[in-house]
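Mapping the sequence shown onto the numbering used here, position 58 (from 1) lands on 65, and the numbers just tick up by one.
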Amino acid sequence: MSVDSGSTSMAARLGIKPGMVVQELGWDEDVDEELRDSVVELSGGDMVDEDSDEVADAVLLWWREDDGDLIDALVDAIASLAEDGVVWLLVPKSGRPGHVEPGDVTEAAPTAGLAQTSSISAAKDWSGIRLVTPKAARSRR
């Protein structure tokens with residue numbers, strides 16, 4: 008499937024660049040396929056899953072309210088993340104099934120060793136929350 012330049016901008020808004028290794032976690036049938044396709048097209052390669060040994064430049068973590076423990080999922084997401092990598096926590100928008108309350112993310116991120124930097128409308132039904140390891144944690148790695 009060919010992705011038009013309008014949808015590749017979806018991936019560009021996530022900071023995806025050609026040659027990046029992007030790991031995808033939490034895939035299910037409700038994910039936004041247009042966003043996924045745009046990430047694959049812009050990065051130039053298929054996304055890797057949780058079984059990959061590759062170091063990821065970015066992680067897309069699809070997360071819904073009933074998916075379990077968010078802290079554990081975030082810790083898993085950073086396990087193979089590059090030092091300057093980013094985790095995009097993708098959650099259903101308000102009013103959509105599986106919506107995650109912002110307070111849940113605010114509480115979970117620091118416990119998992121991440122800092123929230125921004126939020127965007129990532130796709131029609133999904134919000135993206137950008138999470139990074141704090142600079143202090145980066146220097147200790």
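The beta carbon of each residue, even a glycine, is placed where N, CA and C say it ideally should be.
On the DSSP bridge list, what partners appear for residue i?
| i | result |
| --- | --- |
| A84 | According to DSSP, A84 bridges with nothing at all. |
| L96 | L68 and I136 |
| V55 | Q30 |
On a Cα-Cα basis, can you pick out the residue from the options that is closest to residue i?
| i | options | result |
| --- | --- | --- |
| A65 | T124, S134, D53 and G22 | G22 |
| V139 | G102, L96 and W133 | L96 |
| A116 | A130, A18 and P141 | P141 |
| S126 | A63, V38, P109 and G120 | P109 |
| A122 | G51, I136 and G33 | I136 |
Are the beta-carbon atoms belonging to residue i and residue j less than 8 Å from one another?
| i | j | result |
| --- | --- | --- |
| S29 | M54 | In the sequence as presented, Ser is not what sits at residue 29; that position holds Val. In contact: V29 and M54 (Cβ atoms closer than 8 Å). |
| W133 | V98 | yes |
| A89 | V62 | yes |
| W69 | V46 | no |
Taking residue i as part of the beta strand (DSSP E), name the residues at either end of that continuous run.
| i | result |
| --- | --- |
| V66 | A63 to W69 |
| E31 | V29 to L32 |
| G135 | W133 to V139 |
Using the Cα positions of residue i and residue j, report the straight-line distance between them to the nearest angstrom.
| i | j | result |
| --- | --- | --- |
| M8 | D74 | Because M8 carries a pLDDT of 41, less than 50, the predicted location of this residue cannot be relied on, and the following value inherits that uncertainty. In a straight line, the C-alpha of M8 is about 30 Å away from that of D74. |
| L77 | V112 | 8 Å |
| A86 | G102 | 31 Å |
| K100 | V107 | 8 Å |
| E72 | G105 | 5 Å |
| E40 | A129 | 12 Å |
| E48 | A80 | 26 Å |
| M27 | E114 | 29 Å |
Terminal residues of the continuous alpha helix (DSSP H) containing residue i?
| i | result |
| --- | --- |
| L42 | E40 to S50 |
| T124 | Taken as a continuous stretch (DSSP letters only), T124 belongs to no alpha helix (DSSP H), being part of the beta strand (DSSP E) at A122 to A130. |
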